[in-house]
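Peer 1: First the structure, which I've put down as structure tokens, then a few questions once you've had a look.
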Amino acid sequence: MDQNMMFLVIIVVVMVGMMWWQSRKAKQQQGKTQDFRSSLKPGDPVATFSGLIGTVESVDLDIDQIVINSEGTLSRWRIQAVTEPPVVPNYVSDEEFEQQQNEEKAQEGAENAGADNASESETAVKESAEPQSDDQKAAEEQTEGAEDEGKESEDKAQEPASK
1 MDQNMMFLVI IVVVMVGMMW WQSRKAKQQQ GKTQDFRSSL KPGDPVATFS GLIGTVESVD
61 LDIDQIVINS EGTLSRWRIQ AVTEPPVVPN YVSDEEFEQQ QNEEKAQEGA ENAGADNASE
121 SETAVKESAE PQSDDQKAAE EQTEGAEDEG KESEDKAQEP ASK
């Protein structure tokens with residue numbers, strides 16, 4: 001019973017710790033957002049939750065409103081609708097991407113070629129140290145196989161004699 005109670009206490013402590021950590025992170029994020037919104041001034045680029053992208057024309061924090069100029073059109077928004085400065089992705093054209101891929105492949109090929117040359121030279125050294133024809137290799141393998149069979153038959157013949 002005592003172990004069950006200890007386990008329950010540990011679970012509760014872990015859950016409370018996780019909730020505290022999550023709320024702390026949420027408060028930090030809210031603080032960053034509030035700082036961003038309070039620091040807005042005319043000319044700053046902004047984006048709204050709904051996706052409107054433009055620049056700030058005027059900010060009135062007393063009534064929580066902001067006027068955004070989006071391509072020459074002025075619109076009034078609640079300041080809470082402003083989420084963050086707009087992020088413009090750095091797009092890469094298909095040609096640039098293919099060029100980068102080809103360069104990476106060329107570098108990998110050069111590295112692999114250097115490694116292949118080293119392994120080929122090691123193989124060449126081994127082969128030159130043991131110059132044998134295919135016939136000689138086959139003959140050696142047959143001889144080794146026959147010797148192994150002979151040893152097995154000798155072992156079998158000796159087993160009953162030793163018992």
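Residue numbers (the UniProt record's numbering): 1 to 163.
The C-beta atom is built at its ideal place from N, Cα and C for all residues, glycine as well.
Cβ of Val67 within 7 Å of Cβ of Leu40?
Peer 2: No.
Peer 1: Alpha carbon to alpha carbon, how far is Pro42 from Val56?
Peer 2: Rounded to whole angstroms, Pro42 to Val56 spans 5 Å at the Cα level.
Peer 1: How should Val125 be labelled, buried or exposed, when 16 other C-beta atoms within 10 angstroms of its C-beta is the threshold for buried?
Peer 2: Its pLDDT being 49, under 50, Val125 is placed unreliably in this model, and the value from its coordinates should be taken loosely. With fewer than 16 Cβ atoms within 10 Å of its Cβ, Val125 is classed as exposed.
Peer 1: What number of angstroms, rounded off, separates the C-alpha of Gln29 from the C-alpha of Val13?
Peer 2: Distance between the alpha carbons of Gln29 and Val13 is about 25 Å.
Peer 1: Measure the Cβ-Cβ separation of Ala81 and Thr48 and say whether it is below 7 Å.
Peer 2: A contact, by the Cβ cut-off of 7 Å.
Peer 1: Distance check for Trp20 and Ser10, CA to CA, integer angstroms please.
Peer 2: The question names Ser, but residue 10 is Ile in the sequence shown. Rounded to the nearest angstrom, the two C-alpha atoms are 15 Å apart.
Peer 1: What distance in whole Å lies between the Cβ atoms of Ile53 and Ser75, which are believed to be in contact at a cut-off of 8 Å?
Peer 2: Incorrect: roughly 12 Å between the Cβ atoms, too far for contact.
Peer 1: When we look at the beta-carbon of Val92 and count the other beta-carbons within 10 Å, is it buried (16 or more) or exposed?
Peer 2: Exposed.
Peer 1: Would you report the Cα separation of Gly17 and Arg24, rounded to the nearest angstrom?
Peer 2: Taking the straight line from one Cα to the other gives about 11 Å.
Peer 1: Quick one: complete beta strand (DSSP E) runs, 3+ long, within the segment 18-49?
Peer 2: List check, beta strand (DSSP E) in window: 45-48.
Peer 1: Do you know how far the Cα of Gln22 is from the Cα of Asn4?
Peer 2: Looking at the two C-alpha atoms, the distance is approximately 27 Å.
Peer 1: Count the other CB atoms within 10 Å of the CB of Val46; is the residue buried (16 or more) or exposed (fewer)?
Peer 2: Under this definition Val46 is a buried residue.
Peer 1: So what does Ser70 bridge to, in DSSP terms?
Peer 2: According to DSSP, Ser70 bridges with Thr73.
Peer 1: Using DSSP with H/G/I as helix, E/B as strand and the rest coil, what is Gly51?
Peer 2: Coil at Gly51, not helix or strand.
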